[in-house]
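Be aware that the sequence shown starts at 3, since it is given in the numbering used here, and climbs by one per residue. This report concerns only the one structure given below.
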Amino acid sequence: MAASGIVAVSAHAPAQAAESQTYLNGYEVRVVQAINYQRSRHGLRPLAYTSCPDSYGERWALRLRTSTTLYHQSMYTVMRGCRATMAAENIARARMSAPSLVAMWMRSPGHRANILNSRVTQVGVGTQCASLCTTVADFIRR
3 MAASGIVAVS AHAPAQAAES QTYLNGYEVR VVQAINYQRS RHGLRPLAYT SCPDSYGERW
63 ALRLRTSTTL YHQSMYTVMR GCRATMAAEN IARARMSAPS LVAMWMRSPG HRANILNSRV
123 TQVGVGTQCA SLCTTVADFI RR
C-alpha cells in the first residue's frame, strides 16, 4: 500500500534505541540512494539528505506505524517548518529492500512524479517497523 502527495506554495524525531536507530538509518540511507539512482537515470541532480525533512519523515512514520490507514501529513506544516517553497511526500507500508521500495514508487505515477520532480532539492526519510515497515520520504525545495 502506498500514497503520494505534493503541495507547492517542525518537530524532531523521537529518540529510539541505538541499535534500532542504526539499522533504520542504514535502511533510510539506502532509500535515499535508490531515489538518487532513479533521478540520475533521468538526468536529474541528486537530492541532499537533510535534517529538516528527515525529522518530519521520522515523526510521521512513527505516527503511521500503528495506524490502520496511510495518510499524508500537512505539507504546509512541513513547508513552514523547513522554510521551504515546495514539499511533497511518498509513503508506503511494506517489508522489502530499499531498491524494491523505490521501484514500487516508480511504478506509481504520483510517487514517480515526486521522485523525478526537478524542482525539489532535499529529502528526508523516516522508517518505523512493526509487522510491516512504514516509510515516509519527504521532499522539499528551499
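We treat Cβ as the ideally placed atom computed from N, Cα and C, and that holds for glycine. Computed from a predicted model, the values in this text were never measured in an experiment.
Helix, strand or coil at residue i [DSSP, three-state]
{"i": "R109", "result": "coil"}
{"i": "A139", "result": "strand"}
{"i": "V122", "result": "coil"}
{"i": "C131", "result": "strand"}
Supposed close pair residue i, residue j - CB separation, criterion 8 Å
{"i": "Q130", "j": "L72", "result": "With a Cβ gap of about 12 Å, Q130 and L72 do not count as contacting."}
{"i": "F141", "j": "A94", "result": "About 14 Å separates the two Cβ atoms, so there is no contact after all."}
{"i": "M88", "j": "R121", "result": "6 Å"}
{"i": "A100", "j": "A36", "result": "5 Å"}
Proximity winner among the options, relative to residue i (alpha-carbon distances)
{"i": "A96", "options": "Q35, T137, M77, G126", "result": "T137"}
{"i": "L134", "options": "T68, N27, H74, G28", "result": "T68"}
{"i": "W62", "options": "H74, S53, H113", "result": "H74"}
{"i": "H44", "options": "A115, A100, A132, V33", "result": "A115"}
beta-carbon residue i near the ligand PLP non-hydrogen atom, thresh 7 Å
{"i": "N92", "result": "The ligand content of the structure shown is nil, which means the ligand PLP is not present either."}
Write down every uninterrupted run of the beta strand (DSSP E) in the region 31 to 100 whose length is 3 residues or greater and which is fully enclosed by it, in chain order.
88 to 96
Using a Cβ distance threshold of 8 Å, determine whether the region 35 to 49 contacts the region 102 to 115, with at least three qualifying pairs required.
yes
Taking 8 Å as the cut-off, does the region 82 to 90 touch the region 49 to 61 (at least 3 CB pairs, one atom from each stretch)?
yes
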